[in-house]
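When we follow our numbering, the leftmost residue of the sequence shown carries the number 135, and every step to the right adds one. Backbone N, C-alpha and C define an ideal beta-carbon position, used for all residues, glycine too. These notes are about the structure you will find just below.
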Amino acid sequence: MRKLLRLLPAVLLVSSLGVARANDDCLDAIVVIDGSVETGTTVTATLDGEATCGSAGSTPDRWYVFTVGAEDVFLTASSCGSSYDTVLSIHTDCPGTAANQLACNDDTCGLQSGVSITAQAGETYYIRISGFSGDTGDYTIEFTTVDPGSISGPDVTYSDCTSITNWGQSGGIRGYSLGSFTCNIGDANLQWGGTTPLLGMNGYRISDGRIEQIGQSWLKNGTGAAAGSGCGLPCNGQGGSVLGAGCLDVYGSGFNGSQGILGKRSDCNGFTGTYPGQSTGTGPSVISERLQIAESDLSVSGAQYFLEGVYVAPDDAAAGNALNNASYKPMSVTLGNFNLSPTGTMQEGFPAIYAWQDHGLGAGVPDPDVTIIEVDVPDEGRFIVGSKATDLGGSWRYDYAIFNLNSDRSAGSFSVPATGAISGEGFHDVDYHSGEIYDNTDWTVTSGSGDVTWSSPETFVANPNSNALRFGTMYSYWFESTQAPTTVTATLGLFKTGSPDSITFAVTGPEGGVALDIFSRGDCNGDASFNIADGVTMLSFLFAGGAAITCDDACDANDDGMLDIGDPVAMLDTLFSMAGPLPSPHPGCGADTTLDTLTCDSFAGCP
135 MRKLLRLLPA VLLVSSLGVA RANDDCLDAI VVIDGSVETG TTVTATLDGE ATCGSAGSTP
195 DRWYVFTVGA EDVFLTASSC GSSYDTVLSI HTDCPGTAAN QLACNDDTCG LQSGVSITAQ
255 AGETYYIRIS GFSGDTGDYT IEFTTVDPGS ISGPDVTYSD CTSITNWGQS GGIRGYSLGS
315 FTCNIGDANL QWGGTTPLLG MNGYRISDGR IEQIGQSWLK NGTGAAAGSG CGLPCNGQGG
375 SVLGAGCLDV YGSGFNGSQG ILGKRSDCNG FTGTYPGQST GTGPSVISER LQIAESDLSV
435 SGAQYFLEGV YVAPDDAAAG NALNNASYKP MSVTLGNFNL SPTGTMQEGF PAIYAWQDHG
495 LGAGVPDPDV TIIEVDVPDE GRFIVGSKAT DLGGSWRYDY AIFNLNSDRS AGSFSVPATG
555 AISGEGFHDV DYHSGEIYDN TDWTVTSGSG DVTWSSPETF VANPNSNALR FGTMYSYWFE
615 STQAPTTVTA TLGLFKTGSP DSITFAVTGP EGGVALDIFS RGDCNGDASF NIADGVTMLS
675 FLFAGGAAIT CDDACDANDD GMLDIGDPVA MLDTLFSMAG PLPSPHPGCG ADTTLDTLTC
735 DSFAGCP
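As structure tokens, this is what we get:
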């Protein structure tokens with residue numbers, strides 16, 4: 135309990151300091167915490183510091199300040215997605231100078247920056263955002279922290295793609311390969327060569343409000359690694375059979391399309407990374423084994439296109455670092471020769487399903503109707519699920535996309551509660567090719583009896599090679615209903631046998647679906663009141679080994695879909711700092727209309 139009470143003043147301090155201030159000067163830096171996402175501009179900023187990289191010493195800047203709690207953290211600031219050539223640096227004092235600079239980065243994700251340090255307990259750090267050689271513009275900067283122990287080991291990411299090779303066509307299908315900038319952002323060397331790491335190359339399209347995967351390749355095998363800088367971290371200089379900690383390796387798109395270094399996806403376990411080695415494909419040599427996309431899929435008027443790379447590596451997976459292994463980037467199509475060109479900024483660590491949300495209403499224009507959540511299989515892999523409802527006037531179209539990041543168990547069915555008149559059911563997958571063993575027969579769809587369900591043609595027991603949603607792959611589903619949208623509970627059936635045999639999560643769906651749990655946000659202890667005891671309950675759960683909570687949703691005070699220090703901060707802020715009320719349902723009882731994976735097993739505080 136002493137430890138718990140010692141934490142309370144620190145939480146109250148963070149809560150009271152969390153007021154945004156003008157941040158043109160270092161001494162007026164805006165206070166940020168883990169998960170903060172700040173937007174701003176340096177166009178109107180003045181100069182109040184310096185940095186040693188990106189020729190940014192005389193460039194206008196803005197400032198943020200982060201104070202570490204009772205434990206060391208690995209602090210990362212990222213400006214990926216900003217509109218200009220940014221430079222980030224971290225300093226120990228104001229004014230921020232080269233003498234007190236701890237880290238500086240110019241280009242990590244295209245022309246944008248990412249900078250990380252191990253931040254010491256109790257210390258304060260000042261983060262400067264400026265631009266390359268006088269460049270200014272609008273920015274988005276995200277601050278994240280993790281326990282340094284949780285990132286031990288190698289950690290591979292697909293950090294950029296600057297070239298795409300068009301190998302030609304056969305039967306109206308084009309063969310492509312992607313260039314690769316690969317970072318090891320972990321603290322240990324990543325094994326490299328032969329059977330690791332493996333890079334799967336994918337293509338996607340957004341059209342008419344829907345995202346679909348339109349192509350995939352076999353897996354590019356590792357050969358030899360360079361040891362360059364450019365990952366926003368110190369590179370230890372080791373290459374060859376390893377990619378050193380903090381180091382960058384670059385391969386051109388032509389090399390990555392060499393068929394002698396491509397192997398079947400079916401030979402790889404996407405969760406553990408086990409893989410026997412390169413294999414030989416079949417079919418026309420110009421497209422065999424490469425990223426295959428039909429010319430007709432690249433000729434849709436008004437469509438947007440995206441590339442994606444997905445890495446699999448056994449040592450990365452064993453270290454628990456496999457959840458950031460997919461990245462996406464926009465690409466353009468030149469009709470006639472069907473050349474593809476990367477454009478925009480690589481979204482490192484985010485698979486292409488996020489493009490549906492980020493670019494759903496046009497290039498750089500987010501679609502607020504698209505919701506995306508992460509869904510984990512217990513003790514196994516991760517799926518990412520997107521959903522959207524579109525008003526057709528008198529009826530609604532419901533679209534879903536499910537990306538299997540790294541689950542070897544795969545998915546064999548998907549079910550959404552649905553009432554009213556159901557019509558227009560549809561399904562889209564992406565074909566395996568070049569001699570892969572998996573069947574390409576489409577999933578079947580049935581509706582009625584209160585749901586719409588899509589299923590693999592056969593079960594795993596009947597046919598292990600039946601069409602299932604396997605790692606590094608996304609399938610799309612849709613239907614129409616006369617019922618307006620709400621939040622319902624969907625079910626994803628797992629293809630390979632095991633326990634559990636399915637997982638459930640919230641999606642957008644027609645009214646009249648499965649009833650949701652009723653609770654009151656902030657009433658973490660379920661005693662029908664909201665007071666300091668709820669903050670203490672949450673702090674005890676997080677730090678003092680307290681009793682397990684029974685309603686995660688009630689304790690998710692800031693409604694961000696996670697249980698972390700931000701929740702007791704939000705509770706105490708509302709109770710003592712005259713902040714506004716917590717998100718609904720609060721202070722009364724109701725259902726959670728926010729899509730996330732938190733549950734509420736039982737809640738005694740509501741009738």
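Taking the continuous alpha helix (DSSP H) assigned at residue i, which residues delimit it?
i: V420; result: Unbroken run through V420: none, as it is neither H nor E.
i: T210; result: That residue, T210, is in no alpha helix (DSSP H); its beta strand (DSSP E) goes V207 to S212.
i: T708; result: G700 to F710
i: L676; result: I666 to F677
i: A452; result: P448 to A452
For residue i, would you say it is in contact with chain B, using Cβ-to-Cβ distances shorter than 8 Å as the test?
i: L333; result: This model lacks chain B altogether, as it is built from one protein chain only.
Between which two residues does the beta strand (DSSP E) holding residue i run?
i: Y273; result: D272 to V280
i: I683; result: Premise fails: I683 is in no beta strand (DSSP E) and is neither H nor E.
i: I251; result: G248 to A253
i: G632; result: That residue, G632, is in no beta strand (DSSP E); it is neither H nor E in DSSP.
i: N473; result: N473 to P476
i: Q235; result: Q235 to N239
i: M480; result: Premise fails: M480 is in no beta strand (DSSP E) and is neither H nor E.
i: H562; result: I556 to H562
i: S589; result: D585 to S589
i: W197; result: R196 to T201
i: W530; result: W530 to N538
i: G527; result: First-last for G527: undefined, no H or E at that position.
Please go through the same chain and pick out, in chain order, the residues whose beta-carbon is closer than 7 Å to the beta-carbon of residue i, but skip the five residues on each side of it.
i: R196; result: N157, D158, G174, T176, A179 and I263
i: Y566; result: Y572 and N574
i: I251; result: L209, I224, L236 and A237
i: A112; result: With the chain covering 135 to 741 only, the question about residue 112 has no answer from this structure.
Can you list, in chain order, the residues of its chain with a C-beta nearer than 8 Å to that of residue i? Leave out the 5 residues immediately preceding and following it.
i: T631; result: F594 and V595
i: W301; result: R308, G309, Y310, S311, G391, V420, I421 and R424
i: S286; result: G320, D321, A322 and A453
i: D690; result: R655, M696, L697, D701, D730 and L732
i: P619; result: A523, W530, Y532, T642, G643, P644 and E645
According to DSSP, is residue i helix, strand or coil?
i: L495; result: coil
i: D786; result: Past the edges of the chain, shown from 135 to 741, lies residue 786, and the structure says nothing about it.
i: S763; result: Absent from the model: residue 763. The displayed extent of the chain is 135 to 741, so no value can be given.
i: G394; result: helix
i: C689; result: helix
i: D730; result: coil
i: F548; result: strand
i: S286; result: coil
i: C228; result: coil
i: L332; result: strand
i: N318; result: strand
i: I164; result: strand
i: A489; result: helix
i: A179; result: coil
i: R262; result: strand
Skipping 5 residues on each side, what residues in its chain have a beta carbon closer than 6 Å to that of residue i?
i: P464; result: F440, T477 and G478
i: S600; result: D573, S590, P591 and E592
i: R344; result: D533
i: D294; result: F315 and M480
i: T684; result: D735 and S736
i: T226; result: N234
Let me confirm a value: residue i is counted as buried when at least 16 other C-beta atoms fall within 10 Å, else exposed. Which label applies?
i: G470; result: exposed
i: P598; result: exposed
i: V280; result: exposed
i: D272; result: exposed
i: C734; result: buried
i: L181; result: exposed
i: N692; result: buried
i: E570; result: buried
i: I666; result: exposed
i: S216; result: buried
i: P715; result: exposed
i: G494; result: buried
i: S351; result: buried
i: E442; result: buried
i: V504; result: buried
Cβ contact (3+ pairs, closer than 8 Å) linking the region 478-494 and the region 694-713: The region 478-494 vs the region 694-713: no contact.
Are three or more beta carbon pairs between the region 540-551 and the region 621-636 nearer than 8 Å? Touching, yes.
Between the region 266-276 and the region 390-400, do at least 3 Cβ pairs fall closer than 8 Å? Too few Cβ pairs lie closer than 8 Å, so no.
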